[in-house]
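Trainee:
In my numbering, the protein residues as written are 27 to 390.
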């Protein structure tokens, strides 16, 4: 059974955060989650982004044996608590409602260990979906804590930070006093926004505190939050293709992207969330249908690192739609932020031809 269900995104991280665990006056919170897998009396629960371990009360185990609770079940936790066993937080489940059975929702990953910290120790980002609350829900969050995952200083000296809650990121424009020490900010810094406001797609930061100078990046597959229609583009394709772990040997299809800028034999391709530079080989006949706004399907491609920049080299593509309005408000990946200024010359293209011989080709 497949239903249009919405899990409570960020619920797993919220349940396992110190902010939730240490708060004696917990607000009523009954998250809707999905059973990721069952192991004896253990149940792994997913919010569509992360999954984490829980323990069923003895009287609930019968539901597993009779098949009322199984992998894919969507449940609402009505009575539970979070406790620490040794060094691991576990969700102790005393009662819940089974809403329905459906296919796996999202592509959840195990909640990263570095996203958690013991109660009483210095906290890092709590992964409680702050970015989504600020932009999609329009909530005001008092003194939110976020992590710096990238920075860019423009010609006019404005400094932009890419701020992450471990799930999504958004750009922030620094409007700090001249006496603020920018050298205290690094990639990995945890900051607390003490004076800020949100306007459309950006956070304007008037004042902040550095909570932790630097720590490992928290969360995986962090993507910009976007509210709007991305149509049939392959969401997350750019981030996946440009990550260090991507292998052309893995199955990855379809790969539908949109052209948002055209150079000679060079494109900027977007999945509605992120964009990255791509090149077409010299011997590929230029397709007159290919223009800004075109939606294309990559049939054969490879990804190489050229001058510290990930570049998608396209061997073959199909133009699915010749022209349409630009989809989303894509941003460069944080580590590829300078790609906006990249324009490959012939020397670099010749270097790429040599590098391509070392790469596997993705035929999808």
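Each residue gets a CB set at the ideal place from its N, CA and C atoms; glycine is no exception. Quick caveat, the model's predicted, so the values are computed rather than measured.
(1) With DSSP collapsed to three states, give me the class of residue 159.
(2) Is residue 84 buried or exposed, if buried means 16 or more other CB atoms sit within 10 Å of its CB?
(3) With distances taken from CA atoms, which of 190, 296, 327 and 269 is nearest residue 307?
(4) Going by C-alpha distance, which of 315, 354 and 82 is nearest residue 261?
(5) State yes or no: is the C-beta of residue 293 within less than 8 Å of the C-beta of residue 224?
(6) Using 10 angstroms around the beta-carbon of residue 350, count the other beta-carbons present and answer buried if the total reaches 16, otherwise exposed.
(7) So the beta strand (DSSP E) residue 218 belongs to, where does it begin and stop?
(8) Between the C-alpha atoms of residue 318 and residue 300, what's the straight-line distance to the nearest angstrom?
(9) Considering only C-alpha positions, which residue in the set 137, 130 and 88 is nearest to residue 99?
(10) Quick one: grab the DSSP three-state call for residue 40.
(11) If we count the other Cβ atoms within 10 Å of its Cβ and call it buried at 16 or more, is residue 302 buried or exposed?
(12) Return the residue from the list 284, 108 and 132 that minimises the CA-CA distance to residue 74.
(13) Using DSSP's beta-bridge definition, name the partner residues of residue 330.
(14) Can you name the start and end residues of the beta strand (DSSP E) that residue 117 belongs to?
(15) Pick out whichever of 122, 339 and 352 has its Cα sitting closest to the Cα of residue 90.
(16) For the beta strand (DSSP E) holding residue 59, just list the boundary residues, first then last.
(17) Does the separation of the CB atoms of residue 69 and residue 119 fall below 8 Å?
(18) Within the same chain, show all residues whose beta-carbon is closer than 7 Å to that of residue 35, passing over the 5 residues directly before and after it, in chain order.
(19) Helix, strand or coil for residue 209? Go by DSSP, reduced to three states.
(20) Once DSSP output is grouped into helix, strand and coil, what is the label at residue 362?
(21) Exposed or buried, residue 191, counting other C-beta atoms within 10 Å across all chains shown (16 or more means buried)?
(22) By Cβ distance below 7 Å, which residues in the same chain neighbour residue 37 in space, the five residues on each side in sequence not counted?
(23) Among 332, 330 and 194, which one has its Cα closest to the Cα of residue 176?
(24) Can you check DSSP and say which residues form a bridge with residue 111?
(25) Hey, how far is the Cα of residue 187 from the Cα of residue 265?
(26) Between which two residues does the beta strand (DSSP E) carrying residue 243 extend?
(27) Output the distance between the C-alpha atoms of residue 42 and residue 238, rounded to the nearest integer angstrom.
(28) Where do the N-terminal and C-terminal ends of the alpha helix (DSSP H) with residue 91 fall, by residue?
(29) Roughly how many whole angstroms lie between the Cα atoms of residue 101 and residue 108?
(30) On the criterion of 16 or more Cβ atoms from any shown chain inside 10 Å, does residue 212 qualify as buried, or is it exposed?
(31) Between the beta-carbon of residue 231 and the beta-carbon of residue 200, is there less than 8 Å?
(32) Give me the Cβ distance between residue 77 and residue 134, rounded to the nearest whole Å; I'm assuming they're in contact under 8 Å.
(33) Kindly indicate which three-state DSSP category residue 264 falls into: helix, strand or coil?
(34) The beta strand (DSSP E) with residue 236 in it runs from where to where?
(35) For residue 170, which residues in the same chain have their Cβ closer than 6 Å to its Cβ, ignoring the five residues on either side in sequence?
Mentor: Quick look at the numbers:
(1) DSSP places residue 159 in helix when its eight states are reduced to three.
(2) Counting Cβ neighbours within 10 Å, residue 84 comes out exposed, since fewer than 16 surround it.
(3) Across the set 190, 296, 327 and 269, the C-alpha of 327 shows the shortest separation from the C-alpha of residue 307.
(4) Ranked by Cα distance from residue 261, the first of 315, 354 and 82 is 354.
(5) Contact flag unset, no.
(6) Exposed.
(7) Residues 216-225.
(8) Residue 318 and residue 300: Cα-Cα distance of roughly 16 Å.
(9) Answer by Cα proximity: 130.
(10) Here residue 40 sits in helix by DSSP.
(11) Looking at its Cβ environment, which holds 16 or more other Cβ atoms inside 10 Å, residue 302 is buried.
(12) Residue 74 has its Cα closest to that of 132, out of 284, 108 and 132.
(13) Bridge partners of residue 330: 337.
(14) That run of the beta strand (DSSP E) goes 114-127.
(15) Comparing Cα-Cα distances from residue 90 to each of 122, 339 and 352, the minimum goes to 122.
(16) Per DSSP, residue 59 belongs to the beta strand (DSSP E) from 58-65.
(17) Going by C-beta atoms, residue 69 is nearer than 8 Å to residue 119.
(18) Counting only Cβ-Cβ distances below 7 Å, and skipping sequence neighbours, we find 73, 74, 75, 155 and 158.
(19) In the structure shown, residue 209 sits in a helix (DSSP, three-state: H, G or I).
(20) Its pLDDT being 43, under 50, residue 362 is placed unreliably in this model, and the coordinates cannot settle the point.
(21) With 16 or more Cβ atoms within 10 Å of its Cβ, residue 191 is classed as buried.
(22) Around residue 37: 57, 59 and 73.
(23) Relative to residue 176, the option among 332, 330 and 194 whose CA is nearest is 194.
(24) According to DSSP, residue 111 bridges with 114.
(25) For residue 187 and residue 265, the gap between their C-alpha atoms comes out near 18 Å.
(26) No beta strand (DSSP E) contains residue 243, which DSSP labels as neither H nor E.
(27) A straight-line Cα-Cα distance of about 20 Å links residue 42 and residue 238.
(28) Residue range 87-91 is occupied by the alpha helix (DSSP H) that includes residue 91.
(29) Roughly 17 Å separates the two Cα atoms.
(30) The residue in question, residue 212, is exposed, as its Cβ has fewer than 16 Cβ neighbours within 10 Å.
(31) Remark: C-beta atoms of residue 231 and residue 200 approach each other more closely than 8 Å.
(32) 5 Å between Cβ atoms; contact.
(33) The three-state reading of DSSP puts residue 264 in helix, counting H, G and I together.
(34) Segment 228-238, the beta strand (DSSP E) holding residue 236.
(35) Taken in chain order, the residues that qualify are 156 and 219.
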